Every structure is written in C-alpha cells, then in structure tokens.
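Chains as they are written, first to last, in our numbering: chain A, 1 to 258; chain B, 1 to 258. Every residue, glycine too, gets a C-beta built ideally from N, C-alpha and C. Fair warning: this is a prediction, and the values are worked out from it, not measured in the lab. Read the structure below first, then the notes.
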DNA sequence: AAAACTCTATAACTTATGTTATGAATTTTT
DNA sequence: AAAAATTCATAACATAAGTTATAGAGTTTT
C-alpha cells in the first residue's frame, strides 16, 4: 500500500491533476521503510512530535491512557493510512501509537511534509483530505459511543471495519481477520470486556455476527449496518470537483506570480 | 476576532514567518462578513460542500441527527474558529451547523482556500494546524464520553469552555455566559437532560460550579479540572519549532525551482 | 506433556444513568 | 397583564452496563 494508491490520490491522478513530478514527490515520503514488531510502540503520549508515518503493512492503533489506568483506543490504522497527522502543529504527541501485529511503516519528518506542501498545493490538499477522512471516523465514533447501545456500538465498529477492509481486499466470503482482544474492543467502544463478550453472544444469537477467535464473519452485512444505524457518508471516497480543478487554479496563480 | 489573531498565526507572525503579503492573503478570507441570527442554520447535514467560514462573532455548534431524532452535538465554535474544515475533501456535509446566538460569519470558498494554500505553505500549514486543534477537542470528548462519569464529563466540558473563553477574554471573576440549555449540554455529552440537571446539582453541592441561568461561575477552577482528570495538552497553543522555520524551507525550495 | 498464561463465556449482583411524571420558575407570545 | 411555552429541579422507577467471580478453551512457555 502506498499513499498514491489511496482513493483520494487515485481520483486526482485519473483526472489528470497530478504531474509526474508530483507523483514522485509523494512517493518520496515513503522512502524509509522500517519493519516493526507486533505490539511495538511507535511513540508514547507526550513524546516530542518529530515524524509522521505512512503505514504500509500491518495494523496499528492510537490510544490515550487515563489516570485510572484505563485505555481509550482512538483510532485503528490499516495499511495505506497516515499515522500521526492528529499531532500536526502540536509540540507533543496527544496519543500513543502501538502496532497490533507486525508490519512496515515509513516515517517522514515535519520538514519533508512542509517541502511537499510547499511544492504542490494539490499534494497538500490531498494529504489534508486523507487526514480529514481519518478524523471523520473518530467523529462518527463519538456519535455512537454517545448515543447508541452496546449492540449498536459493536455492530457499527465491526461493519466499519468490514467496509474499510473490503477496500483493501482483506475480506473474503464476508469473513475477515480481527486481531483485537475483546478487552481492546471495549477500550475502543467505551465498554467493559465482559459486556463486549455478552454483546458478541447477543449478536451471534441474532445471526448477525459469527466469530471464531480472530475470524469474524458477517452473514448479512446489510442487516448489521441497519441495526447499527450505519450511515456511510463519512466513508465516502469521492472527492468534490473543485479539487480536481486544483491544477488549473495553480497554473493561474503561477501566471500571476510571473 | 480575525484568523490573524488566532494564537497559531500570532506565533508565526512574532517569529517573522509571515510576510506582509501573506497577512494580506489571510485577511482576504474574511472579506465577506455576513450577519446571522440566533438559531440560524448555516448548513444542513448532507448539503453540498461549497464554503468554509470564519466565525467572527457569536457561538455556533455542529451536530448530527440520529434516526431516533436524538441529536449529538459535535463541536462548539467560538469567535475566531474556522467552521467546516471537517468537511474538507468531502462532497457532502457530514454534520449540520447552527448558530446559538446571533453573530457574524465570513464564508470563503473551496477555491479561495486552494489559492491561499497554493500561495503559501506557511498559511496552509497554519490553517491545517488550527483545524487539527479543533479536532483535538473532539477527540478529547470521545475519551471522556467513553470513559468518564457524568460528573466528570460535565466538569470537563465546563472547564474546557472556561479555558477557551479565557483566551478570548470572555471570562470575568471566574464567571462566563453559557447560552446552552441543559438539553443541549446533554446532547453534547451523551447524557439525558434530566441527568445533566442532577449533575449540576451535585457539582453545586460540592461547591465546584455555581450557576444562575446562563451565568456560570467556577469558584475553584483547579479543583474542577482535577476532578475531571483534565489534561490540557490538547489545548496547548504553542506550535513546534519546525513550523517557525517554514519560510526558510520555502526560500530554499524557491532557490531550487529557479 | 505439563504448567502457566491469556482470552472468553456466563452468572450473580451492583450501580449509574435513562425514562416518565409533576410542579415551580423563567421566558416568550398574545 | 395574561396565557402559553420553555426550562429546570426533583422524585420514583426501570434498565443497560459495570464489577467481581469462576471455569473452560486456547495459547505460549518450560
């Protein structure tokens, strides 16, 4: 997975909004791949912000630790996601990030990012759009953690994952791998691990979710989405047309500079 | 309140990172002020995304409406905030936005934003940093809605407001105006209005919050922050040093282009 | 292969918060 | 100024989710 394969950049590319040089610059952010182990910490809460990462392989999550020792998992990162944009413009990390399984990340520095932004407004806007989309998932979780039952929360969580994984071809026969313990899912959804277990049992009894260890199957994804009151607008991948005209604006601006 | 007065741009300015032309460009985003009434809708969920707004005067909030008719309030906007960056890169609004009291907004278009980004990486980064800071508040609310008691949630909400209002000089004698009904606070915190009322009573009994209609007084803000387990990192206004060197990177890049 | 862990399911019990209802206090409309 | 509509406080009751405990199933270590 590269950034260039992200649907946002795919659309820009197809519409001819990306020059060869821009594609090259974007790929330069992924120049320094690094293997990371399962459970490895990428950074801690409160560390100095020095780098962002493209996640090439593996799963990761960001989290906050509370005084009580409880964890709140903020965001699950899948291959192709950018990790750490949440901290852009802050001196210190607002959240820790850990790998779930082993994988590969490509760190890039503040300065590299600035250079890309400075070189191309199109690349800058594309990266911001990707970051905004990631935040949108978090916003959506606030809605359902605040207002929905445990069943709906878990159903929503599983269905969102199902959609995200589908897009990177990680779903076969409505089945995917979910390398999270029930405790971790509880930490993401604001539920106790016991209640996550109870809720899985209920979802199984209703025929909505079959699970065997890390294998999860959704026999009727539509029914699951419906009971979770899932609204997929926030996962919409299509970018608005003004975006595609960016390079036009850009050329006009260059004319003006000249 | 102008964008230029936002702490992010104030810092850039003081460190000499903003040219006169850049300041001018930034102010051009605020060229079309419009009076808006109390309770006026700025846009609905699912509207086409056409503009963003600088909120000059008054309070606003963004929200999602659920199938059940319940509302989840996502974010409170105070003067100096940018409204709508959450939807950047999406075709449709993910949330509605309404004014709370009357005020003034300055809408600017996608295209105007692109032109600013294209003109200056410094301005682009500054605006992104402001948007990231706003999202950070939302992320923080996920943490306490997911993991904290009603008392802590309300305490956190009030203390965060107290800090944000302090920065725009809207707090006198630890007292500020809060033009939200208890039902609306419930909608923000994922609580019923009845329980918000109960919780206010508890906070009063503990001497942490005095309230008379829209006047709210925090006799001991530090104690309130403590009981809410408030961590103020996410409201930190200082931007990291690579930011301040942006114009240096920029000039280097221009040299390379030449 | 046994031992030690970790994860999961389920039960019993507790508690925080939701729901419904009522009356008083404010605010808005007529 | 009266009437109508909100908003707020409080009570009584209902319930979803938390907590603690136990045992089995899987996994890892020895």
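Going by DSSP, what residue range makes up the beta strand (DSSP E) through residue 194/A? Here the question's residue 194/A lines up with position 194 in the first chain. No beta strand (DSSP E) contains residue 194/A, which is instead part of the alpha helix (DSSP H) from 193 to 205.
Is there at least one Cβ from chain A nearer than 8 Å to residue 236/B's Cβ? Here the question's residue 236/B lines up with position 236 in the second chain. Closer than 8 Å to some Cβ of chain A, the Cβ of residue 236/B qualifies, so yes.
Among the candidates 203/B, 234/B and 214/B, whose CA atom is the shortest distance from the CA of residue 221/B? Locating residue 221/B in the second chain gives position 221, where the first residue counts as 1. Closest option to residue 221/B, Cα to Cα, is 203/B.
C-alpha gap between residue 54/A and residue 3/A, whole angstroms: Taking the first residue of the first chain as 1, we reach residue 54/A at position 54. Taking the first residue of the first chain as 1, we reach residue 3/A at position 3. Going from the Cα of residue 54/A to the Cα of residue 3/A covers about 7 Å.
CB contact flag (residue 24/A, residue 107/A, <8 Å): Residue mapping note: residue 24/A aligns to position 24 of the first chain, counting from 1. Residue mapping note: residue 107/A aligns to position 107 of the first chain, counting from 1. No; because the gap between Cβ atoms is not below 8 Å, this pair is not in contact.
Classify residue 82/A as buried or exposed, calling it buried when 16 or more other Cβ atoms lie within 10 Å of its own Cβ. In the first chain, the residue the question calls residue 82/A occupies position 82. With a 10 Å radius around the Cβ and a threshold of 16 neighbouring Cβ atoms, residue 82/A comes out buried.
In the DSSP assignment, what residue or residues form a beta bridge with residue 35/B? Numbered from 1 along the second chain, position 35 holds the residue referred to as residue 35/B. According to DSSP, which records beta bridges pairwise, residue 35/B is partnered with 104/B.
For residue 11/A, I'd like the list of residues in its chain whose CB is within less than 6 Å of its CB, leaving aside the five on either flank, ordered along the chain. On the first chain, position 11 is the one that residue 11/A refers to. The residues are 239.
Range of the contiguous alpha helix (DSSP H) that encloses residue 162/B: Stepping through the second chain from its first residue, residue 162/B is reached at position 162. Run containing residue 162/B: 150 to 167, per the alpha helix (DSSP H) assignment.
CB contact check: residue 139/B to chain A, cutoff 8 Å: The count along the second chain starts at 1 and reaches residue 139/B at position 139. Yes, residue 139/B counts as interfacial toward chain A.
Measuring alpha carbon to alpha carbon, tell me which of 213/B, 188/B, 89/B and 175/B ends up nearest residue 150/B. The residue you call residue 150/B lines up with position 150 of the second chain. Nearest C-alpha to residue 150/B: 188/B.
Are there any heavy atoms of the ligand HEM lying less than 7 Å away from the beta-carbon of residue 140/A, as far as the coordinates show? The model depicted lacks the ligand HEM and carries no ligand whatsoever.
Going by CA-CA distance only, name the one from 129/B, 120/B, 231/B and 71/B that's closest to residue 186/B. Locating residue 186/B in the second chain gives position 186, counting from the first residue. Ranking the options by Cα distance to residue 186/B, first place goes to 71/B.
In the DSSP assignment, find the unbroken beta strand (DSSP E) run with residue 239/A in it and report its ends. Here residue 239/A is taken as the residue at index 239 of the first chain, counted from 1. Premise fails: residue 239/A is in no beta strand (DSSP E) and is neither H nor E.
At the level of alpha carbons, what is the spacing between residue 210/A and residue 177/A? Along the first chain, one-based indexing puts residue 210/A at 210. Along the first chain, one-based indexing puts residue 177/A at 177. Looking at the two C-alpha atoms, the distance is approximately 12 Å.
Under the DSSP definition of a beta bridge, which residues are partnered with residue 53/B? Taking the first residue of the second chain as position 1, residue 53/B is located at position 53. DSSP lists 83/B and 107/B as partners of residue 53/B.
Kindly identify the DSSP beta-bridge partner or partners of residue 43/A. The residue given as residue 43/A occupies position 43 in the first chain. Answer is 97/A.
According to the neighbour-count rule (16 or more other Cβ atoms, all chains shown, within 10 Å of its Cβ), is residue 247/A buried or exposed? Working through the first chain from its first residue, we reach residue 247/A at position 247. Looking at its Cβ environment, which holds 16 or more other Cβ atoms inside 10 Å, residue 247/A is buried.
Report the rounded CA-to-CA distance for residue 170/A versus residue 156/A, giving the unit in angstroms. What you label residue 170/A is simply residue 170 of the first chain in a count that begins at 1. What you label residue 156/A is simply residue 156 of the first chain in a count that begins at 1. Rounded to the nearest angstrom, the two C-alpha atoms are 18 Å apart.
Please list the terminal residues of the continuous beta strand (DSSP E) segment that includes residue 212/A. Walking along the first chain from the start, residue 212/A turns up at place 212. Where residue 212/A is concerned, the enclosing beta strand (DSSP E) stretches over 210 to 212.
Determine the closest residue to residue 43/B out of 22/B, 80/B, 87/B and 6/B, with distance taken between C-alpha atoms. Reading the second chain from its first residue, position 43 is the one you call residue 43/B. Looking at the Cα atoms, 87/B is the closest of the given residues.
Quick one, which of 141/A, 36/A and 180/A has its alpha-carbon nearest residue 190/A's? Position 190 of the first chain holds residue 190/A. When only C-alpha atoms are compared, the closest one is 141/A.
Give the DSSP-derived three-state secondary structure of residue 175/A in the structure shown. Sequence index remark: in the first chain, residue 175/A carries index 175 (1-based). Three-state result, residue 175/A: strand.
List the residues of chain A whose Cβ lies closer than 8 Å to the Cβ of residue 67/B, in chain order. Position 67 of the second chain, counted from the start, is the residue given in the question as residue 67/B. Going along chain A in sequence order, the residues near residue 67/B (Cβ under 8 Å) are 229.
Inter-stretch contact (C-beta, 8 Å, three-pair minimum) for the stretch 94 to 112 of chain A and the stretch 95 to 103 of chain B: No, they do not touch.
Name the DSSP bridge partner or partners of residue 63/B? What you label residue 63/B is simply residue 63 of the second chain in a count that begins at 1. Looking at the DSSP assignment, residue 63/B forms a beta bridge with 73/B and 96/B.
Keeping to the same chain, check which residues put their C-beta closer than 8 Å to that of residue 34/A; ignore five residues upstream and five downstream. Translated into positions along the first chain, residue 34/A becomes position 34. Closer than 8 Å at Cβ, skipping near neighbours: 104, 105, 106 and 107.
Interface positions of the stretch 110 to 122 of chain B facing chain A (Cβ-Cβ less than 8 Å), listed along the chain: 110, 111, 114, 115, 117, 118, 119 and 121
If you measure from the beta carbon of residue 150/B to each beta carbon in chain A, is any gap under 8 Å? The count along the second chain starts at 1 and reaches residue 150/B at position 150. False, the Cβ-Cβ gap to chain A never drops below 8 Å.
Contacts that residue 64/B makes with chain A (C-beta to C-beta distance below 7 Å): Counted from its first residue, the second chain places residue 64/B at position 64. Going along chain A in sequence order, the residues near residue 64/B (Cβ under 7 Å) are 143.
Measuring straight from C-alpha to C-alpha, what distance separates residue 100/B and residue 133/B? Sequence index remark: in the second chain, residue 100/B carries index 100 (1-based). Sequence index remark: in the second chain, residue 133/B carries index 133 (1-based). Roughly 22 Å between the two C-alpha positions.
Counting contacts by CB-CB distance shorter than 8 Å, is residue 263/B in contact with chain A? Residue coverage of chain B in this structure runs from 1 to 258, which leaves residue 263/B outside it and unanswerable.
Test: residue 103/B CB closer than 8 Å to a CB of chain A: On the second chain, residue 103/B is found 103 positions in, with the first residue counted as 1. No, its Cβ sits nowhere closer than 8 Å to a Cβ of chain A.
Which bits of chain B does residue 125/A rub up against, with CB to CB less than 7 Å? Translated into positions along the first chain, residue 125/A becomes position 125. Going along chain B in sequence order, the residues near residue 125/A (Cβ under 7 Å) are 114 and 117.
Using 8 Å as the threshold, is the C-beta distance between residue 194/B and residue 89/A below it? For the purposes of this step, residue 194/B is taken as residue 194 along the second chain, with counting starting at 1. For the purposes of this step, residue 89/A is taken as residue 89 along the first chain, with counting starting at 1. Cβ distance not < 8 Å, so residue 194/B and residue 89/A don't count as in contact.
Using 8 Å as the Cβ pair cut-off and three pairs as the minimum, do the stretch 115 to 123 of chain B and the stretch 121 to 136 of chain A touch? Touching, yes.
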